[in-house]
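Participant: Just passing along the structure, written as structure tokens.
2 protein chains.
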Amino acid sequence: MKKRLFTPGPTPVPENVMLRMAAPIIHHRNPEFVEILSRVHADLKYLFQTEQPVVVLSSSGTGGMEATVTSLFSPGDKLITVNGGKFGERWGQLAKTFTGNCVELTVEWGTAVQPEQILEALKNNPDTKGVLITHSETSTGTATDIKAIAQIVRENSDALICVDGITAVGAHEVRFDEWGLDACVTGSQKGLMMPPGLAMIALSERAAKAIEASKTPNYYFSLKKALKSHAKDDTPYTPAVSLVIGLDESLQMIKAEGIENVWKRHERLANACREGCAALGMKLFSNSPSFAVTPVWLPEGVDWKTFNKALKSDNGITVAAGQDEYKGKIFRISHLGFYDELDMLLVIGALEFTLKQIGHPFEYGSGVSAVQKAFLS
Amino acid sequence: MKKRLFTPGPTPVPENVMLRMAAPIIHHRNPEFVEILSRVHADLKYLFQTEQPVVVLSSSGTGGMEATVTSLFSPGDKLITVNGGKFGERWGQLAKTFTGNCVELTVEWGTAVQPEQILEALKNNPDTKGVLITHSETSTGTATDIKAIAQIVRENSDALICVDGITAVGAHEVRFDEWGLDACVTGSQKGLMMPPGLAMIALSERAAKAIEASKTPNYYFSLKKALKSHAKDDTPYTPAVSLVIGLDESLQMIKAEGIENVWKRHERLANACREGCAALGMKLFSNSPSFAVTPVWLPEGVDWKTFNKALKSDNGITVAAGQDEYKGKIFRISHLGFYDELDMLLVIGALEFTLKQIGHPFEYGSGVSAVQKAFLS
Numbered sequence: 074m075k076k077r078l079f080t081p082g083p084t085p086v087p088e089n090v091m092l093r094m095a096a097p098i099i100h101h102r103n104p105e106f107v108e109i110l111s112r113v114h115a116d117l118k119y120l121f122q123t124e125q126p127v128v129v130l131s132s133s134g135t136g137g138m139e140a141t142v143t144s145l146f147s148p149g150d151k152l153i154t155v156n157g158g159k160f161g162e163r164w165g166q167l168a169k170t171f172t173g174n175c176v177e178l179t180v181e182w183g184t185a186v187q188p189e190q191i192l193e194a195l196k197n198n199p200d201t202k203g204v205l206i207t208h209s210e211t212s213t214g215t216a217t218d219i220k221a222i223a224q225i226v227r228e229n230s231d232a233l234i235c236v237d238g239i240t241a242v243g244a245h246e247v248r249f250d251e252w253g254l255d256a257c258v259t260g261s262q263k264g265l266m267m268p269p270g271l272a273m274i275a276l277s278e279r280a281a282k283a284i285e286a287s288k289t290p291n292y293y294f295s296l297k298k299a300l301k302s303h304a305k306d307d308t309p310y311t312p313a314v315s316l317v318i319g320l321d322e323s324l325q326m327i328k329a330e331g332i333e334n335v336w337k338r339h340e341r342l343a344n345a346c347r348e349g350c351a352a353l354g355m356k357l358f359s360n361s362p363s364f365a366v367t368p369v370w371l372p373e374g375v376d377w378k379t380f381n382k383a384l385k386s387d388n389g390i391t392v393a394a395g396q397d398e399y400k401g402k403i404f405r406i407s408h409l410g411f412y413d414e415l416d417m418l419l420v421i422g423a424l425e426f427t428l429k430q431i432g433h434p435f436e437y438g439s440g441v442s443a444v445q446k447a448f449l450s
Numbered sequence: 074m075k076k077r078l079f080t081p082g083p084t085p086v087p088e089n090v091m092l093r094m095a096a097p098i099i100h101h102r103n104p105e106f107v108e109i110l111s112r113v114h115a116d117l118k119y120l121f122q123t124e125q126p127v128v129v130l131s132s133s134g135t136g137g138m139e140a141t142v143t144s145l146f147s148p149g150d151k152l153i154t155v156n157g158g159k160f161g162e163r164w165g166q167l168a169k170t171f172t173g174n175c176v177e178l179t180v181e182w183g184t185a186v187q188p189e190q191i192l193e194a195l196k197n198n199p200d201t202k203g204v205l206i207t208h209s210e211t212s213t214g215t216a217t218d219i220k221a222i223a224q225i226v227r228e229n230s231d232a233l234i235c236v237d238g239i240t241a242v243g244a245h246e247v248r249f250d251e252w253g254l255d256a257c258v259t260g261s262q263k264g265l266m267m268p269p270g271l272a273m274i275a276l277s278e279r280a281a282k283a284i285e286a287s288k289t290p291n292y293y294f295s296l297k298k299a300l301k302s303h304a305k306d307d308t309p310y311t312p313a314v315s316l317v318i319g320l321d322e323s324l325q326m327i328k329a330e331g332i333e334n335v336w337k338r339h340e341r342l343a344n345a346c347r348e349g350c351a352a353l354g355m356k357l358f359s360n361s362p363s364f365a366v367t368p369v370w371l372p373e374g375v376d377w378k379t380f381n382k383a384l385k386s387d388n389g390i391t392v393a394a395g396q397d398e399y400k401g402k403i404f405r406i407s408h409l410g411f412y413d414e415l416d417m418l419l420v421i422g423a424l425e426f427t428l429k430q431i432g433h434p435f436e437y438g439s440g441v442s443a444v445q446k447a448f449l450s
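Here you go:
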């Protein structure tokens, strides 16, 4: 049976990227690799829409978040975080671990924090050194208006704006320089269509200054060292060579499509996915939907394990389960990275097969027809 | 021209490992991946000759060293390190960064620390919490007698024994349990014949207890979380999926050869490499040679840049340069990982071609004939 992945990381890796990584390994001090890393550094600037450095770390995205917290801030620095899902919660855990001073706003899962809430928190905490937010919260499929929040933070505070863009970069509009962000993290196994193992962080001049001043002990995740090496198209420690080479390949694909087209495609796919699910009688989970992943409530009376078994074993489709208290209640369909219109038709079609198999009543063909209409309208 | 890598990391990756990693990506929560990780966990125990857990982190080997320091020790803990090269120096830097209390022994580059020196340092510092040592110091091609040092530490102290086995594991005899080690780190791009991007750490029961008690702030590199996840054949954060799959393949190769045979092969290759170099009139750098990498002095009157250009551009061979004050004075030939007898013949042959090209006098054929004799004796 054909197996197809609709998970928000790992996401499918194009064959040309896989095969490029299967070429004989080269040494990271060889001119050939330096040329590749130099091109990757340049193309990452395009991806983040920035003229400022984007460093590459060999770790998962969480490592990139840790590097941001330990490199930009010092023990005692007050950080505002927003807990509206697993990954916003993670910013909070990192802040508590390394600066020990975290003001954590809580928003309901499936809801985005509003700029006014950030403004209020800043007014109540004028000594805030950083605002750590999640652009696309993967656990809830919810997108936050980073542009508006960045504007409000800039107008009212000197706090650094640090964005978890792990499932946003390459799916949602991200304009690092224009929006005035200070740090934005992503991971390789998301919009970049790569296996996991690399984290990328765009860093502003303000961030670079903060990095110079930071007193938090760090070593592997020192962005001070990363920036210094970046200037020479180098890395402080042995990079994940094969993954950097794959990244070079996937960045060429993004450049060829054009970043604005990549963003529009994700918006289109997300919209069609939502239409398809709704037509099958599935309630949407988020009131501010991400373009990377669509979480939907399981239809009333449908058991998650039975449903997922039929979807996976009989139809070869892997989707993501709900997390924490939404385990067994929602599931998440990813359209992040290497997906097109026909993939959305395919996954909604597979949902129809699955619902039919487990005997859940719905109008056969209504999902796929809604997907088609969404694309053609 | 055929390109051939004789560097101590990245080391050559076998084609079957590369191709295995080029298969369609799978999700890390899929039963298929859990099965692979479970087998990797079991086979890593064989590699380290231990019954205790070996955790896998997505980072370079340095990340594994940082995880060891921040997870086993607390701020203020006194650690003994040995600076006899770049990587022993790194243990010291990590100790200074995270516990702030480091007794650093210095030994000359190319010389191994002696058990008596460790004993003396322990006697002078009875409050030592950990001894951090380098098994095979890559920068100097020097091997340290870890078995003897571990014995002396155990007999005279409660200090934890932490070993940088990055270029030793899969090259030198390592018997984690029998020798009573507490932590041993390796990296994927070394004896494991893989691209860089994974660190592996074997951990003793004593280490696990220390991990429970540690007060150093950490997150991504928390071995407490890593051990907890390991027990369920899981990882705390998204693992570098494709690299773990490649590791499964390379561990099968090591098992098929047999770990004792792998060690013996490395000893044989290192010996032949030394004989070949000596026959060409090159002085050996280390007085306690590693089986992973052989550093040799450039012959008198030979310029490193001219030599390396001829070796690389005309003969397709990449070796490693000398580091720090030995830049331009020594070079290092690796035989770590996927190498056999004929590779040693080949690399010494290439050295002969190169010396001939740059007009350095030597007896043509003497190097390769010494290699043959070494293998046949």
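Top line first, the protein sequences correspond to chains A and B.
My numbering numbers the first residue of the first sequence as 74 and each following residue consecutively.
My numbering numbers the first residue of the second sequence as 74 and each following residue consecutively.
No residue lacks a Cβ here, since even glycine has one placed at the ideal position from N, Cα and C.
The structure displayed is predicted, hence computed values, not measured ones.
#1: Can you tell me the Cα-Cα spacing of Gly238 (chain A) and Leu254 (chain B), whole angstroms?
#2: Could you check if Lys328 (chain B) is buried or exposed, using at least 16 other CB atoms within 10 Å of its CB as the buried criterion?
#3: Could you spell out the range, first to last residue, of the alpha helix (DSSP H) harbouring Glu398 (chain B)?
#4: Given a cut-off of 8 Å on the beta-carbon distance, is the pair Phe121 (chain B) and Val247 (chain B) in contact?
#5: With DSSP collapsed to three states, give me the class of Met273 (chain A).
#6: If I measure Cβ to Cβ from Thr141 (chain B) and keep anything under 7 Å in the same chain, skipping five residues before and after, which residues do I get?
#7: On the premise that Leu300 (chain B) lies in contact with Met267 (chain B), defined as a C-beta separation below 8 Å, what is that separation, rounded to the nearest angstrom?
#8: Let me make sure I understand the geometry here. Which of A:Leu316, A:Phe171, A:Leu92 and A:Pro188 has the alpha-carbon closest to that of Val226 (chain A)?
#9: Measure how close the beta-carbons of Thr213 (chain A) and Phe358 (chain A) come, nearest whole angstrom, since I'm counting them as under 8 Å.
#10: Just to confirm the assignment: which complete alpha helix (DSSP H) runs, minimum length 4, are found wholly within the stretch 206 to 277 of chain B?
#11: Distance cutoff 8 Å, beta carbons only. Does Ile98 (chain A) sit that close to anything in chain B?
#12: Taking only beta-carbon atoms, is Asn89 (chain A) less than 8 Å away from chain B?
#13: How about His339 (chain B): is its C-beta nearer than 8 Å to some C-beta of chain A?
#14: Alpha carbon to alpha carbon, how far is Gly161 (chain B) from Pro81 (chain B)? Give it in angstroms, no decimals.
#15: Along the chain, which unbroken stretches of the alpha helix (DSSP H) at least 4 residues long are found entirely within the stretch 126 to 169 of chain A?
#16: Hey, Ala283 (chain A) and Leu205 (chain A): beta-carbon distance below 8 Å or not?
#17: In the DSSP output, which residue or residues are listed as bridge partners for Thr427 (chain B)?
#18: By the three-class DSSP mapping on this structure, what secondary structure does Gly331 (chain B) have?
#19: DSSP three-state label for Leu357 (chain B), please.
#20: Buried or exposed: where does Lys400 (chain B) fall if 16 or more other Cβ atoms within 10 Å of its Cβ makes it buried?
#21: Which chain A residues sit within Cβ distance under 8 Å of Ser132 (chain B)?
#22: In the DSSP output, what is Leu78 (chain B) paired with across the bridge?
#23: How many angstroms separate the CA atom of Ser261 (chain A) from the CA atom of Leu130 (chain A)?
#24: Are the stretch 417 to 431 of chain A and the stretch 357 to 377 of chain B touching, with three or more C-beta to C-beta distances below 8 Å?
#25: Do the CB positions of Val317 (chain A) and Ile109 (chain A) come within less than 8 Å of each other?
#26: Is the CB of Gln166 (chain A) under 8 Å away from at least one CB in chain B?
#27: With distance defined between alpha-carbon atoms, name the residue in B:Lys196, B:Val366 and B:Ala216 nearest to Val180 (chain B).
#28: Specify, as a first and last residue, the run of the beta strand (DSSP E) that Trp182 (chain B) falls within.
#29: Excluding the five sequence neighbours on either side, which residues of its own chain have a C-beta within less than 6 Å of the C-beta of Ser147 (chain A), listed in chain order?
#30: Check whether the Cβ atoms of Leu195 (chain A) and Asn156 (chain A) lie closer than 8 Å to each other.
#31: Spell out whether any CB of chain A is found under 8 Å from the CB atom of Gly401 (chain B).
#32: Taking buried to mean at least 16 other C-beta atoms within 10 Å of its own C-beta, is Glu139 (chain B) buried or exposed?
#33: Kindly list, in the order they appear in chain A, the residues whose Cβ is closer than 7 Å to that of Gln262 (chain B).
#34: Figure out for me which residue from A:Glu436, A:Ala394 and A:Ile431 has the closest Cα to the Cα of Thr211 (chain A).
#35: Under three-state DSSP, which class holds Lys202 (chain A)?
#36: Going along the chain, which residues of the stretch 200 to 222 of chain A sit with their C-beta nearer than 9 Å to a C-beta in chain B?
Facilitator: A quick look at the data gives this:
#1: Leu254 (chain B) has its alpha-carbon roughly 41 Å from the corresponding atom of Gly238 (chain A).
#2: Lys328 (chain B) should be labelled exposed.
#3: It is not in any alpha helix (DSSP H) - Glu398 (chain B) carries neither H nor E in the DSSP assignment.
#4: Judged by their CB atoms, Phe121 (chain B) and Val247 (chain B) are nearer to each other than the 8 Å cut-off.
#5: Here Met273 (chain A) sits in strand by DSSP.
#6: Excluding sequence neighbours, Thr141 (chain B) sits near Cys235, Ala256, Val258 and Ile274.
#7: Actually they are not in contact, since the Cβ atoms of Met267 (chain B) and Leu300 (chain B) sit about 23 Å apart, beyond 8 Å.
#8: Per the Cα distances, A:Pro188.
#9: Contact flag correct, Cβ pair sits at about 7 Å.
#10: DSSP runs (the alpha helix (DSSP H)) wholly in the stretch 206 to 277 of chain B: 219 to 229 and 249 to 252.
#11: At least one chain B Cβ lies under 8 Å of Ile98 (chain A).
#12: Interface with chain B (8 Å Cβ-Cβ cutoff): Asn89 (chain A) is excluded.
#13: Cβ-Cβ to chain A under 8 Å: no for His339 (chain B).
#14: For Pro81 (chain B) and Gly161 (chain B), the gap between their C-alpha atoms comes out near 16 Å.
#15: The stretch 126 to 169 of chain A is shown to contain whole alpha helix (DSSP H) runs of 4 or more residues at 134 to 145, in chain order.
#16: Note that the C-beta distance between Ala283 (chain A) and Leu205 (chain A) is not below 8 Å.
#17: Answer is none; Thr427 (chain B) lacks a bridge partner.
#18: Coil at Gly331 (chain B), not helix or strand.
#19: The answer is strand: DSSP assigns Leu357 (chain B) an E or B state.
#20: By the 10 Å Cβ count, Lys400 (chain B) comes out exposed.
#21: In chain order, Ser131, Ser132, Gly136 and Tyr293 make up the part of chain A whose C-beta sits under 8 Å from the C-beta of Ser132 (chain B).
#22: DSSP output for Leu78 (chain B) lists B:Thr391 as bridge partner(s).
#23: Cα to Cα, the separation comes out at about 10 Å.
#24: Between the stretch 417 to 431 of chain A and the stretch 357 to 377 of chain B there are fewer than three inter-stretch CB-CB distances shorter than 8 Å, so the stretches are not counted as touching.
#25: Yes.
#26: Chain B, which has a Cβ nearer than 8 Å to the Cβ of Gln166 (chain A), makes this yes.
#27: Nearest of B:Lys196, B:Val366 and B:Ala216 to Val180 (chain B), Cα basis: B:Ala216.
#28: Boundaries cannot be given for Trp182 (chain B), as no beta strand (DSSP E) includes it and DSSP labels it neither H nor E.
#29: Here the set comprises Ser287, Lys288 and Thr289.
#30: No.
#31: Using beta-carbon distances, Gly401 (chain B) does not count as an interface residue toward chain A, since no partner is under 8 Å.
#32: With a threshold of 16 other beta carbon atoms within 10 Å, Glu139 (chain B) meets it and is buried.
#33: Neighbours of Gln262 (chain B) on chain A, chain order: Thr311.
#34: Checking every option, the nearest Cα to that of Thr211 (chain A) belongs to A:Ala394.
#35: Annotated three-state conformation of Lys202 (chain A) is strand, per DSSP.
#36: The residues in question: there are none.
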